[in-house]
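Protein chains: 2
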Amino acid sequence: MPARLQAIYLVRCDARSIEERARAIAVEQSVEMPVSAITDEFVRSEIVGRVETIAEKENNAFEVRISLAAETVGRDPGQFLNMLFGNTSLHEDVVLADVTVPKELIEAFGGPRHGLDALRRRVGAPARALTASPLKPQGLPAARLAQVAQAFARAGIDYIKDDHGLADQSYSPFAARVEAVAGALRSLEQAGGRGARYVPSLSGDLDTMRAQIGMARSAGIDTVMVAPMIAGLSNFHRLVRENPTIAFFAHPTMAGAARIAPPLLIGKLFRMLGADAVIFPNYGGRFGYSPDTCDALARAALDHREGLRPAVPVPAGGMTTARVGELLDFYGADVMLLIGGALLEAREHLREATAAFVAEVHRYDYGYAHGQPR
Amino acid sequence: MPARLQAIYLVRCDARSIEERARAIAVEQSVEMPVSAITDEFVRSEIVGRVETIAEKENNAFEVRISLAAETVGRDPGQFLNMLFGNTSLHEDVVLADVTVPKELIEAFGGPRHGLDALRRRVGAPARALTASPLKPQGLPAARLAQVAQAFARAGIDYIKDDHGLADQSYSPFAARVEAVAGALRSLEQAGGRGARYVPSLSGDLDTMRAQIGMARSAGIDTVMVAPMIAGLSNFHRLVRENPTIAFFAHPTMAGAARIAPPLLIGKLFRMLGADAVIFPNYGGRFGYSPDTCDALARAALDHREGLRPAVPVPAGGMTTARVGELLDFYGADVMLLIGGALLEAREHLREATAAFVAEVHRYDYGYAHGQPR
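Those sequence lines, one after another, are chains A and B. Counting in numbering that gives the first Met the number 0, the first sequence runs from 0 upward without gaps. Counting in numbering that gives the first Met the number 0, the second sequence runs from 0 upward without gaps.
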């Protein structure tokens with residue numbers, strides 16, 4: 000029997016309409032025409048989406064499971080998103096909640112090339128949680144950002160990522176920034192200091208991002224950040240497949256919280272397409288994700304199903320050093336904590352503030368970390 | 000004074016919080032860190048987003064105008080979206096409503112290469128509304144889709160577009176489909192019939208889409224369809240710039256109705272990046288757009304501001320021949336009407352049903368079309 004995707008939608012509507020709405024979604028996400036007008040037997044029986052189950056979740060909210068022929072996707076990530084949610088994204092009362100993907104398609108997408116274990120190994124931290132900080136603010140010249148990077152590195156940060164607003168702007172062009180930051184970190188290392196990994200943010204079309212990876216590689220960099228929803232999922236996936244030695248952080252910009260469940264989009268799909276680490280807005284920070292959402296997202300990034308390497312969950316967005324203990328209690332050791340603004344607020348004491356963050360992560364007793372069993 | 004973008008957000012929150020929320024958006028969409036920690040004078044005065052005005056629209060909904068330095072965008076369409084709405088898209092209570100773009104950036108993006116007048120000229124219809132129909136359902140082999148295309152063409156349809164679900168599937172690979180459909184339309188033309196323009200749908204990463212344009216061009220095709228939100232805006236724009244003789248239809252899949260106002264995203268931004276025609280869900284069909292939204296979207300696609308060629312508004316999604324008069328009253332002559340399912344329902348009478356649609360559009364008295372003065 001040909002493989003099918005199982006997509007789960009949450010639909011808000013009244014009970015009398017739900018069966019019709021469910022059928023309409025199944026048609027919209029497959030043949031997009033009146034089924035009565037389809038004469039072809041293969042199309043009717045295989046290609047038309049099927050409503051498999053409808054379950055009432057709460058008053059006027061229904062969980063609808065629809066199966067779609069995997070053949071409609073082929074092996075293209077953009078078409079995968081198109082068939083899962085493309086036109087239905089135009090309906091404000093529908094959320095794409097989850098999807099079960101046939102094994103062959105998961106294997107074709109391939110997942111992370113490196114994942115949690117490799118990102119740990121690269122910074123010599125086999126068991127503890129990882130640390131990260133962002134280069135900010137945009138507007139600074141490359142040399143100033145390199146100084147910020149040096150302060151982070153001296154304080155022992157594992158991964159230093161570009162702010163996702165850093166692109167190829169006149170005040171800090173990508174090439175100049177990569178050269179300055181990589182050079183600054185290299186000279187620290189050569190002076191006997193600890194090396195930190197710099198993660199520059201890619202932007203532009205596929206060719207531009209390829210050229211940026213080339214520049215990064217020439218500067219000795221082996222990790223980059225991409226915003227899959229801006230780059231386009233197919234282009235993100237292509238970059239991953241073309242660059243087997245490069246690790247990829249996925250940034251959630253434009254991943255619009257409301258309409259595709261964040262655990263699905265950021266935790267499961269970005270990972271399936273090759274993200275080694277997935278940044279997401281942590282609960283209790285500047286964004287509205289709940290603890291449950293964050294937990295589900297981290298589980299989706301890490302779980303051992305489906306033969307994929309685990310991707311590192313990277314909660315971020317308004318975190319502070321004071322919360323390190325609480326966050327490690329919550330996530331366990333399989334996490335990368337990303338703190339930015341709260342450290343930069345220390346201004347001339349940036350290094351000391353960062354060292355305090357790093358120390359909190361290092362001194363945490365992981366033997367007692369409960370986290371969630373994944 | 001350096002150029003600034005003026006972005007308008009609709010924010011739902013209580014009156015006591017709106018000033019803080021507005022400042023938070025201005026910071027999120029620019030430096031993404033505590034302003035108090037920024038020591039650099041250029042960054043403080045130019046790069047940090049500025050709350051320009053806050054106006055209460057209705058109870059607990061505010062229109063917030065924020066200006067952002069155009070330098071943060073450079074000239075990249077993806078980064079443009081990133082700076083306008085990237086992280087703020089993660090807040091469910093904020094909608095990106097509109098943006099005013101500096102002249103230099105509009106010129107850099109360039110807008111449609113062809114637009115309304117050229118799409119009319121190509122099909123020999125200098126004044127009336129244009130007609131379009133989609134090839135469906137996916138699952139049919141290329142030869143069957145070519146028969147559907149012939150029926151549409153014989154009935155006098157101007158543009159025949161792929162259903163946006165048609166990609167490069169095993170049952171109808173892109174290359175085979177383009178060859179079959181283009182061949183079928185060419186043989187009609189050679190037999191003295193009227194030629195219709197075939198608009199194949201591109202999918203995949205940038206390189207794949209380039210290869211598809213190459214195949215289309217070899218088959219004599221000069222119009223293609225792209226889904227900008229799936230391809231990535233930078234890649235869409237790159238294709239437009241690389242292919243000056245090709246006209247581009249933009250499809251709204253994944254343009255998620257709820258969070259960026261459709262007139263802005265589909266009407267204004269897709270056009271600014273080079274869409275010659277913009278497909279959108281019409282009011283009163285399968286989707287929830289209001290007449291006001293559709294009118295604003297059509298105006299944004301057509302208006303004569305900013306030196307851009309007008310893009311053709313293409314209302315679609317559950318239209319019928321019975322509504323042609325009403326739609327032309329509403330939109331005027333500067334429109335392309337797209338009807339699919341309602342014609343395919345006629346099954347063996349597809350050609351006659353299509354001819355009736357075409358006749359309605361041709362016989363409409365455009366002298367009396369009021370439409371909206373654009």
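Ideal Cβ placement from N, Cα and C applies to all residues, glycine included.
Legend entry - Separation of Tyr-363(A) from Ala-128(A), as counted between CA atoms: Straight-line Cα distance between these residues: approximately 9 Å.
Inset, instruction - Report the residue ranges of all beta strand (DSSP E) runs contained in full by the stretch 174 to 227 of chain A; include only those spanning at least 3 residues, in chain order. - result: Complete beta strand (DSSP E) runs here, min 3: 196 to 198 and 222 to 225.
Inset, instruction - Determine the direct distance from the alpha carbon of Glu-62(A) to that of Leu-9(A), and round the result to whole angstroms. - result: 5 Å
Legend entry - As assigned by DSSP and simplified to three states, the class of Leu-165(B): coil
Inset, instruction - Determine the chain B residues that contact Ala-166(A) at a beta-carbon separation under 9 Å, and present them in chain order. - result: What Ala-166(A) touches in chain B: Thr-71, Val-72, Gly-73, Asp-75, Gly-77, Gln-78, Asn-81 and Met-82.
Legend entry - CB contact below 8 Å: Arg-258(B) versus chain A: yes
Legend entry - Rounded C-alpha distance that separates Leu-342(B) from Val-360(B): 14 Å
Legend entry - Buried or exposed (CB count within 10 angstroms, at least 16 for buried), Asn-234(B): Per the 10 Å Cβ criterion, buried.
Legend entry - Proximal residues of chain A, C-beta to C-beta of Ile-37(B) below 7 Å: Those are Pro-136, listed as they occur along chain A.
Inset, instruction - Confirm, please, whether the CB-CB distance from Asp-206(A) to Ile-245(A) is below 8 Å. - result: no
Legend entry - Member of Thr-319(B), Pro-76(B), Asp-13(B) and Arg-298(B) whose CA lies at the smallest distance from the CA of Gly-273(B): Pro-76(B)
Inset, instruction - Express the C-alpha separation of Ala-14(B) and Val-357(A) in angstroms, rounding to a whole number. - result: Answer to the nearest angstrom: the Cα atoms are 39 Å apart.
Inset, instruction - Give the residues of chain B in contact with Ser-88(A), contact being defined as C-beta atoms less than 8 Å apart. - result: Thr-252, Met-253, Ala-254, Gly-255 and Ala-256
Legend entry - Reduced DSSP category for Arg-373(B) - H, G, I as helix; E, B as strand; rest coil: A caution first: Arg-373(B) carries a pLDDT of 45, below 50, which makes its placement in the model too unreliable to give a value.
Inset, instruction - May I have the straight-line CA-CA distance separating Pro-372(B) from Leu-118(B), to the nearest angstrom? - result: Confidence at Pro-372(B) is low in this model, with a pLDDT of 46, below 50, so its placement is unreliable and the value that follows should be read with caution. Distance between the alpha carbons of Pro-372(B) and Leu-118(B) is about 20 Å.
Inset, instruction - Using 10 angstroms around the beta-carbon of Asp-161(A), count the other beta-carbons present and answer buried if the total reaches 16, otherwise exposed. - result: Counting the other Cβ atoms within 10 Å of the Cβ of Asp-161(A) gives 16 or more, which makes it buried.
Inset, instruction - Using three-state DSSP, classify Ile-159(B) as helix, strand or coil. - result: strand
Legend entry - Three-state secondary structure (DSSP) of Ala-310(A): coil
Inset, instruction - Return the chain-ordered list of same chain residues with a C-beta closer than 8 Å to the C-beta of Leu-232(A), the five sequence neighbours on each side being excluded. - result: The beta carbon of Leu-232(A) sits closer than 8 Å to the beta carbons of Pro-76, Gly-77, Phe-79, Leu-80, Leu-268 and Leu-272 from its chain, once the five residues preceding and following it are set aside; these are given in chain order.
Legend entry - Tyr-288(B) versus Asp-92(A), Arg-209(A), Glu-106(A) and Ala-297(A), residue with shortest Cα-Cα distance: Asp-92(A)
Legend entry - Beta-carbon contacts of Ala-260(A) that lie in its chain and below 6 Å, excluding the five residues immediately before and after: Ala-96
Legend entry - Where Pro-261(A) falls: helix, strand or coil (DSSP): helix
Inset, instruction - Kindly say whether Val-50(A), judged by its beta-carbon, lies nearer than 8 Å to any beta-carbon of chain B. - result: no
Legend entry - Near-chain A residues of the stretch 179 to 211 of chain B - C-beta to any C-beta below 8 Å: Ser-202, Gly-203, Asp-204, Leu-205, Asp-206 and Thr-207
Inset, instruction - Could you pull out every residue in the same chain whose Cβ sits closer than 6 Å to the Cβ of Ala-175(A), ignoring the five residues on either side in sequence? - result: Ala-141
Legend entry - For Met-93(A), the first and last residue of its enclosing beta strand (DSSP E): Note that residue 93(A) is Val in the sequence shown, not Met. Per DSSP, Val-93(A) belongs to the beta strand (DSSP E) from 93 to 99.
Inset, instruction - For Met-271(B), go through chain A and note every residue whose CB falls closer than 9 Å to its CB, in chain order. - result: Within chain A, no residue comes near Met-271(B); the closest Cβ sits about 16 Å away, beyond 9 Å.
Inset, instruction - Verify the CB distance criterion: does Asp-162(B) have a CB-CB separation below 8 Å to chain A? - result: yes
Inset, instruction - Would you kindly work out how many angstroms separate the C-alpha atoms of Ala-150(A) and Pro-111(B), rounded to a whole number? - result: One C-alpha to the other measures close to 47 Å.
Legend entry - Residue burial classification, Asn-242(B) (beta-carbon count within 10 angstroms, cutoff 16): buried
Inset, instruction - Note down the Cα distance separating Phe-27(B) from Asn-86(B), rounded to an integer number of angstroms. - result: One point to set straight first is that residue 27(B) is Glu, not Phe, in the sequence displayed. Their Cα atoms are separated by approximately 7 Å.
Legend entry - For Ala-179(A) and Tyr-282(A), the rounded distance between their alpha carbons: 34 Å
Legend entry - Pair within 8 Å by beta-carbon distance, Glu-51(A) and Ile-65(A): yes
Inset, instruction - Using the Cα positions of Ile-7(B) and Pro-1(B), report the straight-line distance between them to the nearest angstrom. - result: 19 Å
Inset, instruction - Can you have a look at Ser-217(B) and say buried or exposed, based on whether 16 or more other CB atoms are within 10 angstroms of its CB? - result: Classification of Ser-217(B): exposed, given that the 10 Å Cβ count is below 16.
Legend entry - Val-72(A) vs Leu-104(A) beta-carbon contact at 8 Å: yes
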